[in-house]
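Peer 1: Using this note's numbering, count along the sequence shown one by one with no gaps and you end on 299.
From the three backbone atoms N, C-alpha and C, an ideal C-beta is built for every residue, glycine too.
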Amino acid sequence: MRDQNIPMPEPLEEYRKKRDFRKTPEPQGKAGIKLEHPLFVIQMHQASKLHYDLRLEVGDILKSWAVPKGPSLDPSSKRLAVPTEDHPLEYADFEGIIPEGEYGAGTVMIWDRGSYENLSEEGQSMEEAVREGHVKVALHGTKLKGGFALIRTGGGDRWLLIKMNDDAADPAWEPEGKPISAVTGRTMEEIADEEG
Ligand code: MN
104 MRDQNIPMPE PLEEYRKKRD FRKTPEPQGK AGIKLEHPLF VIQMHQASKL HYDLRLEVGD
164 ILKSWAVPKG PSLDPSSKRL AVPTEDHPLE YADFEGIIPE GEYGAGTVMI WDRGSYENLS
224 EEGQSMEEAV REGHVKVALH GTKLKGGFAL IRTGGGDRWL LIKMNDDAAD PAWEPEGKPI
284 SAVTGRTMEE IADEEG
């Protein structure tokens, strides 16, 4: 049991602490979002290093992992996924530029988005699945479909994102060379030009 004297951490505290909302157009997390729930989003993020941010709606926030190589549709390919701070739900609608000097400076594209289903064992909530480091979901995105497992390995902050072997598995699939936004159809260059 949690000691009554220790305040519950405000889930978005770390998120807000890292950002200056006078400078970044990213959402503060005070409004809702009109999308099919529960939602997932994968944002392609050209920061100092290109990576993909996978976010799953859990409770009233987005649980987040940075996937350096992005997802694979090959069930034999295990992709490293490093947990990052919880993000507000409205972040699923963010595509644009994080200004120079701000945390995560660079271009953000909504690479894929949609709803998901919890495929975890009978009765297990997403909160429990995340806590136990054993998440299974079916994604209904525009690019990604079908089952994915997110498994915490060892004791630390190392997770693996693995495609489950189903109809949507495809060992030959490669991420597009010049991907476009699942929401606006823009390339990274177009987002940078229009929002920069
Ligand atoms: Mn990122």
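In chain order, what residues have a CB nearer than 5 Å to some heavy atom of the ligand MN?
Peer 2: Spelled out in chain order, the answer is H148 and D156.
Peer 1: Do you know offhand how far R125's Cα is from S218's?
Peer 2: Answer to the nearest angstrom: the Cα atoms are 31 Å apart.
Peer 1: Give the straight-line distance between the Cα atoms of P130 and P191, rounded to the nearest whole angstrom.
Peer 2: Their backbone Cα atoms lie some 8 Å apart in a straight line.
Peer 1: Quick check: what's the CA-CA separation for E224 versus R234?
Peer 2: Computed Cα separation, rounded: 14 Å.
Peer 1: Give the DSSP bridge partners of R289, in chain order.
Peer 2: Paired residues: none, contrary to the question.
Peer 1: Counting along the chain, where does the beta strand (DSSP E) carrying Y219 start and finish?
Peer 2: First-last of the beta strand (DSSP E) with Y219: G209 to N221.
Peer 1: For R105, does the count of other Cβ atoms within 10 angstroms reach 16, so buried, or fall short, so exposed?
Peer 2: Legend: pLDDT at R105 = 44, less than 50; position of this residue unreliable, value from coordinates given subsequently. With fewer than 16 Cβ atoms within 10 Å of its Cβ, R105 is classed as exposed.
Peer 1: Go ahead and pull the three-state DSSP assignment for L192.
Peer 2: In the structure shown, L192 sits in a helix (DSSP, three-state: H, G or I).
Peer 1: Identify, in the order they occur along the chain, each residue of the same chain with its Cβ nearer than 8 Å to the Cβ of W262, setting aside the five sequence neighbours on each side.
Peer 2: Contacts found: W168, L183, A184, V185, P186, G236, L253, I254, R255 and T256.
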